[in-house]
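By full-length UniProt numbering, the letter at position 49 of the sequence shown is numbered 49, and the numbering carries on one by one without gaps.
Idealized CB from N, CA, C, for every residue including glycine.
Everything below concerns the one structure shown next.
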Amino acid sequence: MTAFPLVTHAQAEDLIACGHDQPITVAHFLADVRQLAAALPAGRHVLNVCTDRYRFAVGLAAALLAGKISLLPPTLTPEMMRQVKSFAPDVFCLTDQAMAIALPQLAWADAVPARAPADAQTGPSDIPLIPASQTAAILFTSGSTGLPVAHRKGWGELVLSVRAEAARLGLLDGRRHSIVATVPPQHMFGLESSVLLPLQSGAIMSAAHPFYPADICSALAAAARPRLLVTTPVHLKVLLAAGLDLPVADLVLTATAPLPPQLALAAEAGLKAPLLEIYGSTETGQIASRRTTQTFEWTLFPDVTLHPLEGRVWASGGHLAQAMPLGDELELLDAERFLLHGRTADLINIAGKRSSLGYLNHQLNAVPGVIDGAFFMPDEGDGGHVTRLTAFAVAPGLTPAQLRTALRERIDAMFMPRPLVLLESLPRNSTGKLPRSALETLARHHRRRDKP
(Lines of atoms letter the chains of each structure in order from A and count residues from 1; the text may use other names and numbers.)
(Lines give C-alpha, C1' and ligand atoms only; values in the text may rest on other atoms or scores of the structure.)
Protein backbone atom coordinates (compact mmCIF):
# COMPACT_ATOMS: atom_id res chain seq x y z
CA MET A 1 0.00 0.00 0.00
CA THR A 2 1.41 3.39 -1.00
CA ALA A 3 1.81 5.91 1.82
CA PHE A 4 3.34 9.39 2.16
CA PRO A 5 4.86 11.00 5.26
CA LEU A 6 2.99 13.73 7.08
CA VAL A 7 6.02 16.02 6.70
CA THR A 8 9.26 15.78 4.71
CA HIS A 9 11.53 17.67 7.12
CA ALA A 10 14.57 15.51 7.87
CA GLN A 11 15.27 16.26 11.53
CA ALA A 12 13.20 16.66 14.68
CA GLU A 13 14.85 20.01 15.40
CA ASP A 14 14.08 21.42 11.92
CA LEU A 15 11.84 24.47 11.97
CA ILE A 16 8.41 23.82 10.48
CA ALA A 17 6.55 26.97 11.50
CA CYS A 18 6.90 30.38 13.10
CA GLY A 19 4.15 31.75 15.29
CA HIS A 20 3.10 32.67 18.80
CA ASP A 21 6.36 34.63 19.15
CA GLN A 22 8.53 31.55 18.83
CA PRO A 23 9.90 29.11 16.28
CA ILE A 24 8.17 25.73 16.14
CA THR A 25 10.14 22.55 15.46
CA VAL A 26 9.01 19.35 13.81
CA ALA A 27 9.08 17.65 17.22
CA HIS A 28 6.75 20.29 18.69
CA PHE A 29 4.44 20.02 15.70
CA LEU A 30 4.17 16.24 15.95
CA ALA A 31 3.59 16.41 19.71
CA ASP A 32 0.74 18.91 19.16
CA VAL A 33 -0.70 16.72 16.41
CA ARG A 34 -0.75 13.61 18.61
CA GLN A 35 -2.19 15.51 21.56
CA LEU A 36 -5.02 16.93 19.45
CA ALA A 37 -5.69 13.62 17.67
CA ALA A 38 -6.27 11.97 21.05
CA ALA A 39 -8.74 14.72 22.03
CA LEU A 40 -10.91 14.71 18.89
CA PRO A 41 -14.58 13.69 19.38
CA ALA A 42 -16.06 10.54 17.88
CA GLY A 43 -17.50 12.15 14.73
CA ARG A 44 -15.67 11.28 11.50
CA HIS A 45 -15.97 14.76 9.93
CA VAL A 46 -14.11 17.81 11.24
CA LEU A 47 -15.04 21.37 10.28
CA ASN A 48 -11.63 23.01 10.78
CA VAL A 49 -12.20 26.78 11.12
CA CYS A 50 -8.96 27.65 12.92
CA THR A 51 -7.79 31.05 11.69
CA ASP A 52 -4.24 30.60 12.95
CA ARG A 53 -2.47 28.77 10.12
CA TYR A 54 -0.31 26.62 12.39
CA ARG A 55 -3.30 25.51 14.45
CA PHE A 56 -5.19 24.74 11.25
CA ALA A 57 -2.26 22.61 10.06
CA VAL A 58 -2.18 20.73 13.38
CA GLY A 59 -5.93 20.17 13.10
CA LEU A 60 -5.61 18.83 9.56
CA ALA A 61 -2.76 16.52 10.55
CA ALA A 62 -4.55 15.34 13.71
CA ALA A 63 -7.62 14.46 11.67
CA LEU A 64 -5.45 12.44 9.29
CA LEU A 65 -3.83 10.63 12.18
CA ALA A 66 -7.24 9.85 13.72
CA GLY A 67 -8.74 8.67 10.42
CA LYS A 68 -11.11 11.63 10.18
CA ILE A 69 -11.96 13.89 7.23
CA SER A 70 -11.58 17.67 7.23
CA LEU A 71 -14.52 19.58 5.73
CA LEU A 72 -13.55 22.91 4.17
CA PRO A 73 -16.54 24.96 2.93
CA PRO A 74 -16.10 28.35 1.19
CA THR A 75 -18.04 30.31 3.84
CA LEU A 76 -19.39 29.93 7.36
CA THR A 77 -22.85 31.37 6.73
CA PRO A 78 -25.81 29.76 8.54
CA GLU A 79 -27.05 28.35 5.21
CA MET A 80 -23.63 26.86 4.44
CA MET A 81 -23.52 25.33 7.92
CA ARG A 82 -26.95 23.78 7.30
CA GLN A 83 -25.59 22.27 4.08
CA VAL A 84 -22.50 20.95 5.89
CA LYS A 85 -24.66 19.41 8.63
CA SER A 86 -26.87 17.78 6.02
CA PHE A 87 -23.81 16.48 4.15
CA ALA A 88 -22.17 15.09 7.31
CA PRO A 89 -24.55 14.77 10.30
CA ASP A 90 -21.68 13.70 12.60
CA VAL A 91 -19.62 16.85 11.93
CA PHE A 92 -18.02 18.79 14.78
CA CYS A 93 -16.19 22.11 14.65
CA LEU A 94 -12.55 22.67 15.62
CA THR A 95 -11.97 26.33 16.39
CA ASP A 96 -9.34 28.55 17.96
CA GLN A 97 -11.66 31.47 18.73
CA ALA A 98 -15.27 32.00 19.76
CA MET A 99 -17.61 31.56 16.79
CA ALA A 100 -21.39 31.54 16.46
CA ILE A 101 -21.60 28.24 14.59
CA ALA A 102 -24.56 25.94 15.26
CA LEU A 103 -22.45 22.78 15.48
CA PRO A 104 -20.78 20.88 18.34
CA GLN A 105 -17.45 22.62 18.97
CA LEU A 106 -14.03 21.62 20.20
CA ALA A 107 -11.93 24.59 21.34
CA TRP A 108 -8.22 24.48 20.56
CA ALA A 109 -7.37 25.75 24.05
CA ASP A 110 -9.24 22.80 25.61
CA ALA A 111 -7.69 20.20 23.31
CA VAL A 112 -4.11 21.54 23.34
CA PRO A 113 -3.97 23.66 26.55
CA ALA A 114 -0.19 24.02 26.49
CA ARG A 115 2.55 23.24 23.98
CA ALA A 116 3.58 19.66 24.40
CA PRO A 117 7.31 19.34 25.19
CA ALA A 118 9.51 18.15 22.36
CA ASP A 119 10.51 14.51 22.55
CA ALA A 120 14.29 14.46 22.34
CA GLN A 121 14.11 11.03 20.72
CA THR A 122 11.77 12.08 17.93
CA GLY A 123 13.36 11.43 14.56
CA PRO A 124 12.44 10.76 10.93
CA SER A 125 11.24 7.24 11.83
CA ASP A 126 8.58 8.78 14.10
CA ILE A 127 6.96 10.85 11.35
CA PRO A 128 3.54 9.28 10.60
CA LEU A 129 2.93 7.69 7.21
CA ILE A 130 -0.54 8.33 5.80
CA PRO A 131 -2.03 5.98 3.16
CA ALA A 132 -2.24 7.68 -0.23
CA SER A 133 -5.81 6.46 -0.65
CA GLN A 134 -7.03 7.97 2.65
CA THR A 135 -9.51 10.83 2.20
CA ALA A 136 -7.82 13.87 3.72
CA ALA A 137 -10.37 16.59 3.03
CA ILE A 138 -13.59 17.44 1.29
CA LEU A 139 -13.55 20.92 -0.22
CA PHE A 140 -16.46 22.82 -1.63
CA THR A 141 -16.40 25.08 -4.69
CA SER A 142 -16.60 28.80 -3.95
CA GLY A 143 -20.07 29.27 -5.39
CA SER A 144 -18.81 31.99 -7.76
CA THR A 145 -20.78 30.37 -10.59
CA GLY A 146 -23.58 28.72 -8.60
CA LEU A 147 -24.16 26.47 -5.59
CA PRO A 148 -21.11 24.97 -3.80
CA VAL A 149 -20.25 21.39 -4.81
CA ALA A 150 -18.27 18.94 -2.64
CA HIS A 151 -15.00 17.45 -3.91
CA ARG A 152 -13.19 14.63 -2.10
CA LYS A 153 -9.37 14.84 -1.92
CA GLY A 154 -7.13 11.88 -1.14
CA TRP A 155 -3.88 12.36 0.78
CA GLY A 156 -1.80 11.02 -2.11
CA GLU A 157 -3.49 13.35 -4.58
CA LEU A 158 -2.72 16.38 -2.41
CA VAL A 159 0.87 15.34 -1.72
CA LEU A 160 1.72 14.74 -5.38
CA SER A 161 0.17 18.08 -6.29
CA VAL A 162 2.17 20.16 -3.81
CA ARG A 163 5.40 18.29 -4.49
CA ALA A 164 5.02 19.17 -8.17
CA GLU A 165 4.35 22.76 -7.09
CA ALA A 166 7.45 22.79 -4.89
CA ALA A 167 9.58 21.62 -7.80
CA ARG A 168 8.08 24.24 -10.15
CA LEU A 169 8.72 27.03 -7.62
CA GLY A 170 12.30 25.94 -6.93
CA LEU A 171 11.63 25.13 -3.27
CA LEU A 172 13.61 21.88 -3.44
CA ASP A 173 17.00 23.49 -4.08
CA GLY A 174 18.22 23.03 -0.52
CA ARG A 175 17.23 26.49 0.75
CA ARG A 176 14.56 26.64 3.45
CA HIS A 177 11.90 29.14 2.36
CA SER A 178 9.61 30.98 4.75
CA ILE A 179 6.03 31.00 3.45
CA VAL A 180 3.78 33.95 4.33
CA ALA A 181 0.19 33.85 3.06
CA THR A 182 -2.76 36.23 2.93
CA VAL A 183 -5.18 33.51 1.84
CA PRO A 184 -7.16 31.37 4.32
CA PRO A 185 -6.03 27.75 4.74
CA GLN A 186 -9.60 26.50 4.19
CA HIS A 187 -9.50 27.45 0.49
CA MET A 188 -7.98 25.04 -2.07
CA PHE A 189 -5.20 27.47 -3.02
CA GLY A 190 -4.52 28.27 0.62
CA LEU A 191 -4.58 24.61 1.63
CA GLU A 192 -2.12 23.62 -1.08
CA SER A 193 0.24 26.59 -1.08
CA SER A 194 0.24 27.83 2.52
CA VAL A 195 -0.19 24.60 4.52
CA LEU A 196 0.68 21.48 2.53
CA LEU A 197 3.48 23.13 0.55
CA PRO A 198 5.62 23.85 3.63
CA LEU A 199 4.82 20.42 5.10
CA GLN A 200 5.95 18.67 1.91
CA SER A 201 8.93 20.83 0.91
CA GLY A 202 10.84 21.33 4.15
CA ALA A 203 9.80 25.00 4.24
CA ILE A 204 8.75 27.12 7.23
CA MET A 205 5.09 28.09 7.61
CA SER A 206 4.11 31.49 8.98
CA ALA A 207 1.17 31.04 11.35
CA ALA A 208 -0.02 34.57 10.58
CA HIS A 209 -3.00 35.37 8.40
CA PRO A 210 -2.29 39.03 7.49
CA PHE A 211 -4.98 40.96 5.66
CA TYR A 212 -4.23 44.69 5.80
CA PRO A 213 -1.18 46.03 3.92
CA ALA A 214 0.71 46.99 7.10
CA ASP A 215 0.14 43.50 8.53
CA ILE A 216 1.36 41.87 5.31
CA CYS A 217 4.53 43.97 5.42
CA SER A 218 5.09 43.10 9.09
CA ALA A 219 4.62 39.36 8.50
CA LEU A 220 7.00 39.43 5.52
CA ALA A 221 9.63 41.44 7.36
CA ALA A 222 9.48 39.03 10.33
CA ALA A 223 10.02 35.95 8.13
CA ALA A 224 13.53 34.68 7.45
CA ARG A 225 14.75 34.85 3.86
CA PRO A 226 14.23 33.51 1.30
CA ARG A 227 10.55 34.46 1.54
CA LEU A 228 7.56 33.30 -0.49
CA LEU A 229 4.42 35.45 -0.41
CA VAL A 230 1.24 33.51 -1.25
CA THR A 231 -1.53 35.94 -2.10
CA THR A 232 -4.29 36.98 -4.53
CA PRO A 233 -4.65 39.76 -7.13
CA VAL A 234 -7.08 41.63 -4.83
CA HIS A 235 -4.63 41.59 -1.91
CA LEU A 236 -1.73 42.58 -4.20
CA LYS A 237 -3.63 45.54 -5.62
CA VAL A 238 -4.47 46.88 -2.17
CA LEU A 239 -0.93 46.25 -0.88
CA LEU A 240 0.70 48.16 -3.74
CA ALA A 241 -1.79 51.01 -3.51
CA ALA A 242 -1.02 51.55 0.19
CA GLY A 243 2.28 53.24 -0.61
CA LEU A 244 4.19 51.43 2.14
CA ASP A 245 7.86 50.51 2.20
CA LEU A 246 7.63 46.91 1.01
CA PRO A 247 10.00 44.18 2.28
CA VAL A 248 11.73 42.00 -0.28
CA ALA A 249 9.64 38.90 -0.96
CA ASP A 250 12.10 36.76 -3.02
CA LEU A 251 9.14 35.02 -4.70
CA VAL A 252 5.42 35.84 -5.07
CA LEU A 253 2.70 33.30 -5.86
CA THR A 254 -0.84 34.28 -6.74
CA ALA A 255 -4.06 32.58 -7.82
CA THR A 256 -7.90 32.64 -7.54
CA ALA A 257 -8.42 35.26 -10.30
CA PRO A 258 -6.67 36.43 -13.50
CA LEU A 259 -3.80 38.80 -12.78
CA PRO A 260 -3.58 41.90 -15.02
CA PRO A 261 -0.07 42.16 -16.57
CA GLN A 262 0.36 45.73 -15.32
CA LEU A 263 -0.35 44.61 -11.75
CA ALA A 264 2.16 41.78 -12.13
CA LEU A 265 4.81 44.24 -13.31
CA ALA A 266 4.11 46.58 -10.40
CA ALA A 267 4.23 43.69 -7.92
CA GLU A 268 7.58 42.42 -9.18
CA ALA A 269 9.03 45.93 -9.02
CA GLY A 270 7.60 46.72 -5.57
CA LEU A 271 8.42 43.40 -3.89
CA LYS A 272 11.67 42.92 -5.85
CA ALA A 273 10.75 39.33 -6.65
CA PRO A 274 9.56 37.24 -9.58
CA LEU A 275 5.81 36.58 -9.57
CA LEU A 276 4.22 33.30 -10.64
CA GLU A 277 0.55 32.57 -11.18
CA ILE A 278 -0.98 29.19 -10.42
CA TYR A 279 -3.81 27.84 -12.56
CA GLY A 280 -6.18 25.37 -10.98
CA SER A 281 -9.55 24.82 -9.37
CA THR A 282 -11.18 23.13 -6.41
CA GLU A 283 -12.05 20.24 -8.73
CA THR A 284 -8.52 19.67 -10.08
CA GLY A 285 -6.18 21.35 -7.66
CA GLN A 286 -3.26 23.20 -9.25
CA ILE A 287 -2.22 22.00 -12.69
CA ALA A 288 -0.22 24.80 -14.36
CA SER A 289 1.75 27.99 -13.80
CA ARG A 290 3.19 30.98 -15.63
CA ARG A 291 5.34 34.02 -14.97
CA THR A 292 2.83 36.67 -15.98
CA THR A 293 5.33 39.41 -16.79
CA GLN A 294 7.03 37.20 -19.37
CA THR A 295 4.29 35.21 -21.10
CA PHE A 296 0.55 34.76 -21.53
CA GLU A 297 1.07 31.02 -21.90
CA TRP A 298 0.49 28.53 -19.08
CA THR A 299 2.78 25.51 -18.64
CA LEU A 300 1.28 22.32 -17.24
CA PHE A 301 2.74 20.52 -14.24
CA PRO A 302 4.69 17.35 -15.17
CA ASP A 303 2.53 14.40 -16.29
CA VAL A 304 -0.69 16.48 -16.36
CA THR A 305 -2.37 16.42 -19.77
CA LEU A 306 -5.30 18.27 -21.34
CA HIS A 307 -7.61 16.96 -24.02
CA PRO A 308 -10.83 18.22 -25.63
CA LEU A 309 -13.95 16.10 -25.30
CA GLU A 310 -17.58 16.94 -26.03
CA GLY A 311 -16.97 20.67 -26.24
CA ARG A 312 -14.94 20.93 -23.02
CA VAL A 313 -11.31 20.55 -22.01
CA TRP A 314 -10.50 17.75 -19.56
CA ALA A 315 -7.45 17.41 -17.31
CA SER A 316 -5.92 14.06 -16.36
CA GLY A 317 -2.66 12.49 -15.24
CA GLY A 318 -0.19 13.68 -12.66
CA HIS A 319 -1.81 13.96 -9.23
CA LEU A 320 -5.37 13.70 -10.59
CA ALA A 321 -7.14 10.55 -9.48
CA GLN A 322 -9.48 10.76 -12.49
CA ALA A 323 -10.09 12.94 -15.54
CA MET A 324 -11.86 16.18 -14.63
CA PRO A 325 -13.62 18.73 -16.91
CA LEU A 326 -12.44 22.33 -16.65
CA GLY A 327 -14.78 25.28 -16.36
CA ASP A 328 -12.63 27.52 -18.57
CA GLU A 329 -12.21 28.24 -22.25
CA LEU A 330 -8.67 27.08 -23.10
CA GLU A 331 -6.67 27.20 -26.33
CA LEU A 332 -4.31 24.21 -26.39
CA LEU A 333 -0.98 25.18 -27.98
CA ASP A 334 0.87 21.88 -27.56
CA ALA A 335 1.14 19.03 -25.07
CA GLU A 336 2.49 21.30 -22.32
CA ARG A 337 1.18 24.83 -22.98
CA PHE A 338 -2.18 26.58 -23.30
CA LEU A 339 -3.83 29.99 -23.30
CA LEU A 340 -6.67 30.88 -20.95
CA HIS A 341 -9.57 32.82 -22.48
CA GLY A 342 -11.86 33.00 -19.45
CA ARG A 343 -14.43 30.90 -17.67
CA THR A 344 -17.01 29.12 -19.77
CA ALA A 345 -19.72 30.55 -17.53
CA ASP A 346 -18.32 34.06 -18.12
CA LEU A 347 -18.95 34.07 -21.86
CA ILE A 348 -21.87 36.29 -22.82
CA ASN A 349 -23.75 36.96 -26.04
CA ILE A 350 -25.97 40.03 -26.39
CA ALA A 351 -27.72 40.63 -29.71
CA GLY A 352 -25.11 38.54 -31.52
CA LYS A 353 -22.13 40.29 -29.97
CA ARG A 354 -19.83 38.18 -27.80
CA SER A 355 -17.62 39.12 -24.86
CA SER A 356 -16.70 37.77 -21.44
CA LEU A 357 -17.24 38.99 -17.93
CA GLY A 358 -13.50 38.68 -17.37
CA TYR A 359 -12.76 41.13 -20.20
CA LEU A 360 -15.44 43.56 -19.05
CA ASN A 361 -14.20 43.39 -15.45
CA HIS A 362 -10.68 44.14 -16.66
CA GLN A 363 -11.85 47.23 -18.55
CA LEU A 364 -13.91 48.45 -15.59
CA ASN A 365 -11.01 48.06 -13.15
CA ALA A 366 -8.63 49.78 -15.58
CA VAL A 367 -10.61 53.05 -15.40
CA PRO A 368 -8.58 55.57 -13.34
CA GLY A 369 -10.22 56.04 -9.96
CA VAL A 370 -11.83 52.58 -9.82
CA ILE A 371 -10.55 50.63 -6.83
CA ASP A 372 -12.68 47.54 -7.40
CA GLY A 373 -15.46 46.54 -9.76
CA ALA A 374 -17.40 43.66 -11.27
CA PHE A 375 -20.02 43.01 -13.94
CA PHE A 376 -22.97 40.68 -13.35
CA MET A 377 -25.09 38.93 -15.98
CA PRO A 378 -28.44 37.72 -14.61
CA ASP A 379 -30.01 34.50 -15.81
CA GLU A 380 -32.21 34.72 -18.88
CA GLY A 381 -35.66 35.94 -17.97
CA ASP A 382 -34.70 36.51 -14.33
CA GLY A 383 -37.68 38.15 -12.66
CA GLY A 384 -39.43 38.78 -15.98
CA HIS A 385 -36.98 41.52 -16.95
CA VAL A 386 -35.03 41.96 -20.17
CA THR A 387 -31.60 40.47 -19.53
CA ARG A 388 -29.09 43.30 -19.11
CA LEU A 389 -25.66 43.55 -17.62
CA THR A 390 -25.26 45.14 -14.22
CA ALA A 391 -21.99 46.55 -12.90
CA PHE A 392 -20.86 47.40 -9.37
CA ALA A 393 -17.87 49.61 -8.69
CA VAL A 394 -15.92 51.08 -5.80
CA ALA A 395 -14.77 54.43 -7.18
CA PRO A 396 -14.51 57.26 -4.64
CA GLY A 397 -14.60 60.63 -6.37
CA LEU A 398 -16.38 59.38 -9.51
CA THR A 399 -20.06 59.77 -10.34
CA PRO A 400 -21.98 57.10 -12.27
CA ALA A 401 -22.09 59.47 -15.26
CA GLN A 402 -18.31 59.95 -15.22
CA LEU A 403 -17.73 56.23 -14.96
CA ARG A 404 -20.13 55.52 -17.84
CA THR A 405 -18.29 58.06 -20.00
CA ALA A 406 -14.99 56.31 -19.28
CA LEU A 407 -16.49 52.89 -19.98
CA ARG A 408 -17.87 53.98 -23.36
CA GLU A 409 -14.28 54.51 -24.48
CA ARG A 410 -13.40 50.94 -23.51
CA ILE A 411 -16.33 48.64 -24.27
CA ASP A 412 -19.01 48.23 -26.93
CA ALA A 413 -22.24 50.10 -26.22
CA MET A 414 -24.08 46.76 -26.23
CA PHE A 415 -22.27 45.80 -23.01
CA MET A 416 -22.81 49.04 -21.12
CA PRO A 417 -24.23 48.13 -17.69
CA ARG A 418 -27.78 49.07 -16.78
CA PRO A 419 -27.70 49.78 -13.89
CA LEU A 420 -24.22 50.88 -12.86
CA VAL A 421 -24.03 50.98 -9.05
CA LEU A 422 -21.36 52.68 -6.94
CA LEU A 423 -20.66 51.02 -3.59
CA GLU A 424 -18.30 51.46 -0.66
CA SER A 425 -17.06 47.88 -1.07
CA LEU A 426 -17.87 44.66 -2.90
CA PRO A 427 -18.91 41.51 -0.97
CA ARG A 428 -15.75 39.56 -1.72
CA ASN A 429 -14.91 36.51 0.35
CA SER A 430 -11.59 35.92 2.11
CA THR A 431 -9.85 34.83 -1.12
CA GLY A 432 -11.06 37.86 -3.06
CA LYS A 433 -13.74 36.02 -5.01
CA LEU A 434 -17.26 37.30 -5.60
CA PRO A 435 -19.79 34.46 -5.17
CA ARG A 436 -22.53 34.66 -7.76
CA SER A 437 -25.14 34.50 -4.99
CA ALA A 438 -23.75 37.73 -3.49
CA LEU A 439 -23.91 39.49 -6.87
CA GLU A 440 -27.45 38.22 -7.41
CA THR A 441 -28.49 39.72 -4.08
CA LEU A 442 -26.89 43.06 -4.97
CA ALA A 443 -28.51 43.06 -8.40
CA ARG A 444 -31.99 42.42 -7.01
CA HIS A 445 -31.55 45.17 -4.42
CA HIS A 446 -30.38 47.80 -6.91
CA ARG A 447 -32.32 46.81 -10.02
CA ARG A 448 -34.87 49.61 -9.70
CA ARG A 449 -32.74 52.15 -7.87
CA ASP A 450 -30.34 53.15 -10.63
CA LYS A 451 -31.51 54.32 -14.03
CA PRO A 452 -29.34 54.62 -17.14
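Are residue i and residue j close, meaning C-beta to C-beta below 8 Å?
{"i": "residue 418", "j": "residue 388", "result": "yes"}
{"i": "residue 37", "j": "residue 66", "result": "yes"}
{"i": "residue 207", "j": "residue 54", "result": "yes"}
{"i": "residue 428", "j": "residue 434", "result": "yes"}
{"i": "residue 111", "j": "residue 39", "result": "yes"}
{"i": "residue 94", "j": "residue 43", "result": "no"}
{"i": "residue 236", "j": "residue 193", "result": "no"}
{"i": "residue 278", "j": "residue 189", "result": "yes"}
{"i": "residue 166", "j": "residue 154", "result": "no"}
{"i": "residue 198", "j": "residue 205", "result": "yes"}
{"i": "residue 92", "j": "residue 105", "result": "yes"}
{"i": "residue 200", "j": "residue 431", "result": "no"}
{"i": "residue 57", "j": "residue 183", "result": "no"}
{"i": "residue 292", "j": "residue 264", "result": "yes"}
{"i": "residue 309", "j": "residue 300", "result": "no"}
{"i": "residue 363", "j": "residue 407", "result": "yes"}
Looking only at its chain, what residues have a beta carbon closer than 7 Å to the beta carbon of residue i, apart from the 5 residues adjacent to it on each side?
{"i": "residue 357", "result": "346, 348, 375, 377"}
{"i": "residue 156", "result": "2, 4, 132, 133"}
{"i": "residue 220", "result": "180, 227, 229, 247, 249"}
{"i": "residue 96", "result": "50, 51, 52, 55, 108"}
{"i": "residue 81", "result": "101, 102, 103"}
{"i": "residue 360", "result": "375, 411, 415"}
{"i": "residue 121", "result": "Because residue 121 carries a pLDDT of 48, less than 50, the predicted location of this residue cannot be relied on, and the following value inherits that uncertainty. Closer than 7 Å at the Cβ level, and outside the excluded window around residue 121, lies no residue."}
Is DSSP giving residue i helix, strand or coil here?
{"i": "residue 294", "result": "coil"}
{"i": "residue 40", "result": "coil"}
{"i": "residue 1", "result": "coil"}
{"i": "residue 265", "result": "helix"}
{"i": "residue 50", "result": "coil"}
{"i": "residue 68", "result": "coil"}
{"i": "residue 216", "result": "helix"}
{"i": "residue 29", "result": "helix"}
{"i": "residue 422", "result": "strand"}
{"i": "residue 11", "result": "coil"}
{"i": "residue 433", "result": "coil"}
{"i": "residue 83", "result": "helix"}
{"i": "residue 250", "result": "coil"}
{"i": "residue 317", "result": "strand"}
{"i": "residue 95", "result": "strand"}
{"i": "residue 45", "result": "strand"}
{"i": "residue 35", "result": "helix"}
{"i": "residue 255", "result": "coil"}
{"i": "residue 304", "result": "strand"}
{"i": "residue 389", "result": "coil"}
{"i": "residue 405", "result": "helix"}
{"i": "residue 441", "result": "helix"}
Whose CA, out of the options, lies closest to the CA of residue i?
{"i": "residue 11", "options": "242, 414, 340, 202", "result": "202"}
{"i": "residue 233", "options": "92, 195, 275, 218", "result": "275"}
{"i": "residue 185", "options": "231, 301, 319, 362", "result": "231"}
{"i": "residue 138", "options": "78, 129, 63", "result": "63"}
{"i": "residue 312", "options": "61, 293, 327", "result": "327"}
{"i": "residue 446", "options": "401, 410, 390", "result": "390"}
{"i": "residue 170", "options": "218, 222, 209, 251", "result": "251"}
{"i": "residue 241", "options": "270, 257, 218, 336", "result": "270"}
{"i": "residue 89", "options": "47, 74, 126", "result": "47"}
{"i": "residue 369", "options": "337, 403, 300, 411", "result": "403"}
{"i": "residue 399", "options": "272, 74, 423", "result": "423"}
{"i": "residue 458", "options": "28, 163, 267, 260", "result": "With the chain represented from 1 up to 452, any question about residue 458 goes unanswered, as that position is not in the structure."}
{"i": "residue 366", "options": "334, 338, 409", "result": "409"}
{"i": "residue 280", "options": "295, 319, 273, 294", "result": "319"}
So, for residue i: in the same chain, excluding its five sequence neighbours on each side, which residues have a beta-carbon less than 6 Å away from its beta-carbon?
{"i": "residue 371", "result": "394"}
{"i": "residue 439", "result": "376"}
{"i": "residue 323", "result": "314, 316"}
{"i": "residue 70", "result": "46, 48, 60, 63, 137"}
{"i": "residue 337", "result": "297, 299"}
{"i": "residue 13", "result": "25"}
Take the Cβ of residue i as the centre, count every other Cβ of all protein chains shown within 10 Å, and call the residue buried at 16 or more, exposed below.
{"i": "residue 290", "result": "buried"}
{"i": "residue 469", "result": "Past the boundaries of the shown model lies residue 469; the chain is included only from 1 to 452, so the question cannot be answered."}
{"i": "residue 415", "result": "buried"}
{"i": "residue 397", "result": "exposed"}
{"i": "residue 61", "result": "buried"}
{"i": "residue 239", "result": "buried"}
{"i": "residue 20", "result": "exposed"}
{"i": "residue 158", "result": "buried"}
{"i": "residue 68", "result": "buried"}
{"i": "residue 284", "result": "buried"}
{"i": "residue 210", "result": "buried"}
{"i": "residue 286", "result": "buried"}
{"i": "residue 191", "result": "buried"}
Who are the near neighbours of residue i in its chain, counting only those whose CB is closer than 8 Å to its CB and skipping five residues on each side?
{"i": "residue 76", "result": "49, 99, 101"}
{"i": "residue 78", "result": "102"}
{"i": "residue 129", "result": "3, 4, 5, 6"}
{"i": "residue 341", "result": "328, 329, 330, 331, 356"}
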